[in-house]
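Heads up, the sequence shown is in my numbering, so the first residue is 3 and it goes up one at a time. No residue lacks a Cβ here, since even glycine has one placed at the ideal position from N, Cα and C. Okay, so here's the structure we're looking at.
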Amino acid sequence: MLLKVIFLGTSGTVPAPNRNPSAILIQFEGIKLLFDCGEGTQRQMMIAKTGFKIDSVFITHLHTDHFIGIFGLIETMSLNERTEKLRVFVPRENVDFMKTLFRMFGYHNLNYPIEVYGLKDGDEVDFGKFKVTAFKTDHIVPSLGYALIERDRPGKFDRAKAEALGIPPGPLYSKLVRGEAIEINGRIITPDMVVGPKRRGRKIVYTGDTRPTERTVEVARDADLLIHDASFTSDLQDWAIQTKHSTAKEAAEIAKKANVRQLVLTHISARYSKDATPLLKEAKEIFENVVVAEDFMSIEVKYRD
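Right under this line is the structure:
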């Protein structure tokens, strides 16, 4: 199953000539989710040719560089004659404010409904084959990170064992993979006789703006991809603490503690817009498999087995 991440905006606070404010699109098969929606996101979507058929939008916090682009996007969806409901998720402290903004802008009269939901630490949004879990982060205003977690997959089917047990190819194989027992010549065959243990699904974690936290380590444990705030290098540690952001070194330390497969540094300060090498170099001293996000960079997250 396709699981792809497209970075539509990777700058911190303000746009840079080569970076848009925060926005990440994640596609799981036919479902497209937008995480944050900074200024100009819809234009980035046009350039990336992602289309505008977004199922849900998850906002980490209500600093404008993370959500101001949603208004233009909503208008464009309406002009494109969207009829499907759009769900917008925000920290629960911001629900009334967001609903008020949408009402003031007349979005209750669009040709499609918009529903705003508030989330808190530990809340889950079910998408069937995967879920999105909210987790508390540490920023100046109420803020959340989000983890997209694919549900466990069935174990591998051992055809040789099935044939040895006299099971004919066909629908009986599917039943066993689904966890159902079958009967062959009066003998009950259970799934564990031909199907291996369940296989772990994939996990992507996006922190939004935050100081490094143990909660992030907990949620990101063994993640395939951790997308972490890395606004500054360590020489600006005091400024990172004051503004509630992370340094590249701190992001790498989180990745190492959590044993993630790959780290992506994002929310890059404009001071590194021409050269993000210092951020990459600092992180690599601690965690090797790391890249600095670039606008329009795409990562396909594949199964480990």
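Asked                                                                                                                       : Found
Three-state class that DSSP yields for Lys200 in the structure shown                                                        : coil
Span of the alpha helix (DSSP H) around Lys34                                                                               : Per DSSP, Lys34 belongs to no alpha helix (DSSP H); it is in the beta strand (DSSP E), 33–37.
Environment of Ile61 [buried if 16+ CB atoms lie within 10 Å]                                                               : buried
Pair within 7 Å by beta-carbon distance, Ala164 and Val196                                                                  : yes
Where Phe129 falls: helix, strand or coil (DSSP)                                                                            : coil
Limits of the alpha helix (DSSP H) - the one that Gln44 falls within                                                        : 43–50
Exposure label - Gln244; buried when at least 16 CB within 10 Å                                                             : exposed
Tyr208 - containing beta strand (DSSP E), residue span                                                                      : 205–208
Beta-carbon proximity check, Lys200 vs Gly172, cutoff 7 Å                                                                   : no
Identity of the residue in Gly108, Phe129, Glu86 nearest Phe30 by Cα                                                        : Phe129
Buried/exposed call for Ser145, threshold 16 Cβ in 10 Å                                                                     : buried
Test item: CB-CB of His65 and Asp38 under 7 Å                                                                               : no
Same chain only: Cβ atoms within 6 Å of Val90, ignoring 5 sequence neighbours per side                                      : Val59, Val118
Beta-carbon contacts of Arg84 that lie in its chain and below 6 Å, excluding the five residues immediately before and after : Tyr114
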